[in-house]
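Working notes, structure below.
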Amino acid sequence: MNSGLINQEFIQHANALIEAGKFFHDRGWVPATSGNLSAALHDGLAITVSGRHKGRLTREDIMLTDVTGRSMDGKKCSAETLLHVYIYKNYRENRSVLHTHSPSATAISLLSGTEVALEGYELLKALSGIDTHATRVVIPVIANDQDIVRLAQSVDARLDKDSRGFLIKGHGLYTWGKTVEDAVRHVEALEAMFEIQLRLMALKRP
Ligand SMILES: [Zn+2]
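Read in order, the letters of the sequence shown are residues 1 to 206 in full-length UniProt numbering.
Pasting the structure below:
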């Protein structure tokens, strides 16, 4: 990286993403180099380099892009960077977007139709701004697409200002927060509720 591009803001956010990667890897949520993790900087993004193992990230595995997702340091970002850019552009209060490929998120996306509704869980209070279990949070399930521009258009058609995240069918979860720490907590809470929901689905199966 051009040393002029490294500043305290980048280092601080890169360190938070490295920690998040380890945490997700330890729980099996980012298998085989999958997923991508980003944080917004005042004039760009810090985001994981394409194809890096999220449990073994170092500062070299976090790259700098401009606000449109264009590499500023010669490193190669994932095609899915466009989805991060989309979230930052349309939901400006969010400063971190995290994407996992966990078995539970993948399974529930395949077993559900067009959405997963989470309702009545105390754990919903781990999502920013929610202070009661008497809440219904809908996570849209969107068909997977290798054309990321088209996928971003499908996401755009399903999200609104109250959205907490979305699932891509057979693929994984995207969620976000005002800080990396908030976004990590959102991943953890959603993963736990997906796991509970899957157990309930298995118990209710005739
Ligand atoms: Zn992915």
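For every residue, glycine included, the Cβ atom is placed at its ideal position computed from N, Cα and C.
query	result
Range covered by the beta strand (DSSP E) that runs through T106	Element bounds for T106: not the beta strand (DSSP E) but the alpha helix (DSSP H), 103-111.
Burial state of M201 (16 or more Cβ within 10 Å)	exposed
Distance between E119 and V137 (C-alpha atoms, nearest Å)	6 Å
N90 to H186 span [Cα, whole Å]	19 Å
Contact set for V66: own chain, Cβ-Cβ below 7 Å, skip 5 residues either direction	The sequence as given places Asp at residue 66; Val does not occur at that position. These residues qualify, in order along the chain: G44, M72.
Extent of the continuous beta strand (DSSP E) run through T48	44-48
Beta-carbon gap between K169 and V141 smaller than 9 Å	yes
Reference N15; option with closest CA among R56, E188, H101	R56
Rounded separation between C77 and T100 - CA only	16 Å
S34: CB within 8 Å of a non-hydrogen atom of ligand 1	yes
Assumed close pair residue 229, S96 - CB separation to whole angstroms, cut-off 8 Å	Because residue 229 is not part of the residues shown, which for the chain are 1 to 206, the question remains open.
CA-to-CA distance, V85 to L110, given in whole angstroms	26 Å
Buried/exposed call for G69, threshold 16 Cβ in 10 Å	buried
G21 (DSSP reduced to helix, strand or coil)	helix
Every unbroken beta strand (DSSP E) within the segment 168-198, with a cutoff of 3 residues, ordered by chain	172-177
Residue from R150, F166, A32, I196 with nearest C-alpha to T114	F166
Residue burial classification, N7 (beta-carbon count within 10 angstroms, cutoff 16)	exposed
The segment 121-137 touching the segment 187-197, judged by at least three CB pairs closer than 8 Å	yes
Chain-order list of residues whose beta-carbon lies under 7 Å from that of F10 (same chain, five-residue window excluded)	L41, A46, L64
DSSP-derived helix/strand/coil call for I87	helix
Cutoff 7 Å; reference N144; Cβ partners in own chain excluding five residues on either side	I168, K169, G170, H171
Cβ shell of D131 (< 8 Å), same chain only, five flanking positions each side left out	K125
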